[in-house]
Amino acid sequence: MATWNRPCQRLPQCPLVAESTAEGEPHLPTGRELTEANRFAYAALCGISLSQLFSEPEHSSFCTEFMAGLVKWLELSEAVLPTMTAFASGLGGEGADVFVQILLKDPILKDNPMLIIQDLLSFSLKDGHYDARARVLVCHMTSLLQAPLEELDVLEETFLESLKEIKEEESEMAEASRKKKENRRKWKRYLLIGLATVGGGTVIGVTGGLAAPLVAAGAATIIGSAGAAALGSAAGIAVMTSLFGAAGAGLTGYKMKKRVGAIEEFTFLPLTEGRQLHITIAITGWLASGKYRTFSAPWAALAHSREQYCLAWEAKYLMELGNTLETILSGLANVVAQEALKYTVLSGIVAALTWPASLLSVANVIDNPWGVCLHRSAEVGKHLAHILLSRQQGRRPVTLIGFSLGARVIYFCLQEMAQEKDCQGIIEDVVLLGAPVEGDAKHWEPFRKVVSGRIINGYCRGDWLLSFVYRTSSVQLRVAGLQPVLLQDRRVENVDLTSVVSGHLDYAKQMDAILKAVGIRTKPGWDEKGLSLAPVCLPPEEPHQAVAAPSSGETTHEVGQTQGPTSRDASKLAMSMDPSQAQVPAGLDQSEGTSLPAADSPESPNICSHGMDPNPLGCPNCACKTQGPSPGLD
C-alpha cells in the first residue's frame with residue numbers, strides 16, 4: 072500500500088531486529104512480555120481468525136503449522152497446543168470478542184494495540200517467507216484490534232527501513248571477511264539465476280530489481296553488521312533473499328528471451344520506485360493511440376502498494392484491437408448506447424436488442440482482433456501463473472488487478488495455478504474489471520484455494536460492447552463482466568460499476584474512480600468525481616435478491632432500500648432518453664436490415680425471468696442467438 076508524501080512513522084520496536092537494552096541484552100519480543108493469560112488470548116484469537124478466514128481443507132496444514140509455531144514463539148506450554156489447534160479447526164469461534172477485550176485491556180497494549188500486530192508480523196517473517204495467508208491474518212487482526220490498516224503499512228515500511236538504517240563500523244578483519252563472503256555469494260547468485268538471466272540480473276542489480284536494494288549489494292552492507300548479527304549472518308541473508316527473490320532479478324529481471332508458445336511479448340515494467348513487503352501487478356486490457364498508448368497509462372492513480380508493476384504483453388495485438396475499437400465505436404457508440412439506455416429505462420424487453428445492420432456489417436473488423444487477443448490473453452495468463460509459482464517475485468504476497476483482457480489474463484492465471492500443488496499463499500487479492508470470462512460460480516470455485524484475500528468482480532450491466540462480442544454464444548452463457556458471480560464465499564465481492572462505467576472503453580478512462588469503487592487505494596489528490604457507486608456483496612441467504620442492482624442513477628444502501636436518481640442524474644437521464652439528442656453517425660442507416668425495436672410504454676416494464684432488472688444487456692441468460700462470427704469464452 073502506498074505512502075506518497077508521508078513521513079515514515081517509527082514504532083517502538085522494529086520487527087526481526089532486536090534492540091539492545093542498557094545492559095546489552097536483546098529486547099524480548101512484545102508477545103513474550105504479555106502475561107500468560109494474555110499470550111493465550113493472543114494465540115487463541117489468531118487460531119479463531121484462521122478458522123474463519125481459511126476453512127477449506129487445502130489450508131488446514133498451514134493453519135496447524137502456523138499455530139504450532141506461534142505457541143512456541145510465545146513460549147506457551149505445549150499443553151495448550153491441542154486447544155489452539157481446535158480453535159484453528161473452527162471450534163470455539165464464539166469467544167473471539169472476549170479475547171479481543173482481554174488484549175485491549177492489557178497495560179502494554181492499552182495505548183498501542185499495534186504492538187501485537189508488530190509481534191505477529193515479526194513471527195510471520197521470521198523464516199523469510201511472507202505468506203499471503205499470513206498477511207490476510209495480520210490485516211484481519213489489525214481490524215479486530217480496532218487499529219487503522221494504514222498503521223500496518225507504516226509497520227511494514229519500518230521493517231524495511233530498519234534493515235537499511237542499522238549500521239555499525241566494521242573492523243578491517245570483519246570487512247575483509249565480508250568482502251570474501253560477498254564475492255562467493257555473487258557466484259552463488261549467478262548459479263541461482265541461471266544462464267538465461269546472468270547478464271540481466273547483473274544490470275538489474277544496479278537499476279533496481281525486486282531484490283537489488285537488499286541483496287545485490289550484500290546484506291551486511293545494507294543492514295549493518297549489528298543487524299546481520301541480530302538475524303544471524305547466514306540466516307539474515309537467507310531471509311532477505313527468500314523474501315525478495317534470488318539475485319535481485321525478480322520480476323523486472325524477467326524478460327522472455329524467446330517465444331513461449333504463442334506469446335511474443337511478456338515483460339514486467341515498474342510503476343513505482345518504492346519497495347514493500349507485498350507487491351501489486353496491474354494488467355492492461357488494450358492499447359490505443361494517444362493517452363492510452365502505454366501499458367502504464369491507466370494505472371496513474373493506483374497506490375495499492377509502494378512496489379507496483381504493470382505487465383507488458385503482446386503490445387502489437389493489443390494496439391491493433393484498441394485502435395479498431397476506438398475507430399468503430401466512435402461512430403457507433405452514441406446511437407447504440409442511446410438505444411440501450413432507452414430500452415433499459417422504458418421498455419424492459421426480455422430478449423436481447425436486435426443489433427443494427429450497419430454494426431453487424433463491421434462485426435468481422437471487431438471479431439478478428441478480439442478473437443486473437445482472447446487466445447493470447449489466456450496463454451499469457453498461464454505463463455504468468457508459472458512465473459508466480461516459481462517465486463520470481465520472492466516469497467511475498469501478490470495482488471493482481473486487471474481490466475478487460477487484462478482481467479482475462481488474471482482469470483487464466485488463477486485457473487492454471489489452481490491445478491498446481493503449491494498454489495496457496497502466493498496471491499493475496501485479485502481484482503477483475505469488465506472481465507470477458509465465464510461467470511458461472513463453478514468456474515470460480517477453484518480460486519478459493521489460490522486467493523487468500525479478496526476476489527473482486529467489477530461489472531457493468533450496460534456494457535453493450537462486451538454483450539456484442541458474445542452475441543452468438545449460448546443463451547446459458549454468463550459473462551462475469553456483465554453481472555455478479557454467484558459464489559457463496561467470504562472472498563468474493565461483486566461491485567456494480569454501471570454508475571461509473573458507461574461502456575467498455577471507460578474501464579481505462581475511469582480507472583481512478585473504479586479503483587475507489589472496489590476499495591483499492593489511489594494516490595492523494597485524485598478527484599472523487601462525485602460518482603455514485605453500487606457495491607454488491609453476496610450475503611449467505613437469498614443471493615439472487617442481493618445481486619439485483621438498481622437501474623442507472625439509483626443507489627443501493629446496506630439496508631437494501633433503493634433511492635431514486637438525484638436531480639442531476641435525472642436531468643442526464645431525461646436528456647439521454649430524448650431521441651432528438653441521439654447523434655447518429657454517418658453510415659449507420661437503420662432503414663437497412665432490421666432496426667432496433669420500438670420502446671414499450673414505461674407503465675408496463677417487463678422483468679427478466681432471472682430476477683434481473685429490465686435491461687436487455689444486463690441479463691445475458693436471456694440473450695437470443697444472432698447469426699454471425701464470434702469467438703467463444705474458452
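Per the working numbering, numbering of the sequence shown is gapless, rising by one per residue and ending at 705. Backbone N, C-alpha and C define an ideal beta-carbon position, used for all residues, glycine too.
Between the CA atoms of residue 125 and residue 203 - distance to the nearest angstrom
12 Å
Thinking C-alpha only, which one of 508, 388, 400 and 477 is nearest residue 440?
388
Inter-residue Cα distance where the pair is residue 93 and residue 171:
Note that residue 93 scores 42 on pLDDT, short of 50, meaning its location in the model is unreliable and no value can be drawn from it.
Which value, in whole angstroms, describes the spacing of the CA atoms of residue 213 and residue 120?
11 Å
Indicate the three-state DSSP secondary structure (helix, strand or coil) for residue 768 in the structure shown.
This structure cannot settle anything about residue 768, because the visible part of the chain is limited to 72 through 705.
Given residue 471, which residues of its chain have a CB within under 6 Å of its CB, disregarding the five upstream and five downstream residues?
352, 481 and 501
Whose CA, out of 174, 196 and 195, lies closest to the CA of residue 218?
174
Going straight from the alpha carbon of residue 444 to that of residue 178, what length do you get?
59 Å
Looking at the unbroken beta strand (DSSP E) that takes in residue 196, where does it start and where does it end?
Run containing residue 196: none in the beta strand (DSSP E); it sits in the alpha helix (DSSP H), 185-196.
Between residue 339 and chain B, is the shortest Cβ-Cβ distance under 8 Å, so that the two count as touching?
You won't find chain B in this structure, because it holds only one protein chain.
Excluding the five sequence neighbours on either side, which residues of its own chain have a C-beta within less than 7 Å of the C-beta of residue 706, listed in chain order?
As displayed, the chain neither begins before 72 nor continues past 705, which places residue 706 out of reach and without an answer.
Can you pull the DSSP bridge partners for residue 201?
According to DSSP, which records beta bridges pairwise, residue 201 is partnered with nothing at all.
Between the alpha carbons of residue 367 and residue 469, how many angstroms are there, rounded?
18 Å
Per DSSP, which residues does residue 350 bridge with? Please list them.
469
For residue 507, which of 536, 196, 493 and 398 has the nearest alpha-carbon?
536
C-alpha distance - residue 565 paired with residue 488, whole-angstrom precision:
22 Å
Proximity to residue 146 [Cα-Cα], best of 129, 167 and 113
113
So residue 107 is in the alpha helix (DSSP H); what residue range does that whole segment cover?
107-124
If you draw a straight line from the C-alpha of residue 514 to the C-alpha of residue 452, how long is it?
16 Å
Using a Cβ-Cβ cutoff of less than 8 Å, which residues in the same chain neighbour residue 220 once the five nearest sequence positions on both sides are dropped?
72, 210, 213 and 214
Would you report the Cα separation of residue 474 and residue 493, rounded to the nearest angstrom?
27 Å
For residue 517, the three-state DSSP class (helix, strand or coil):
helix
Going by beta-carbon coordinates alone, are residue 592 and residue 562 separated by less than 8 Å?
no
If you count every other CB in all the chains shown that lies within 10 Å of the CB of residue 205, and 16 or more means buried, which is it?
buried
Taking 8 Å as the threshold (C-beta atoms), are residue 499 and residue 49 in contact?
Outside the displayed span of the chain (72 to 705) sits residue 49, for which this structure offers no information.
Close beta carbons around residue 394, own chain, < 7 Å, minus the five adjacent residues each side:
359 and 360
Residues in its own chain within less than 8 Å of residue 364 by CB, not counting five upstream and five downstream?
358 and 390
Measuring CB to CB, does residue 558 end up less than 8 Å from residue 588?
no
Using DSSP bridges, identify the partner residues of residue 133.
DSSP lists no partner for residue 133.
Tell me whether residue 338 sits in a helix, a strand or coil according to DSSP, three-state version.
strand
In whole angstroms, what is the alpha-carbon distance linking residue 105 and residue 380?
40 Å
By how many angstroms is the C-alpha of residue 150 removed from the C-alpha of residue 484?
43 Å
Buried/exposed call for residue 491, threshold 16 Cβ in 10 Å
exposed
Using 10 angstroms around the beta-carbon of residue 184, count the other beta-carbons present and answer buried if the total reaches 16, otherwise exposed.
buried
For residue 465 versus residue 226, is the C-beta spacing smaller than 8 Å?
no
Nearest-angstrom Cβ-Cβ length linking residue 373 and residue 348, presumed shorter than 8 Å:
With a Cβ gap of about 18 Å, residue 373 and residue 348 do not count as contacting.
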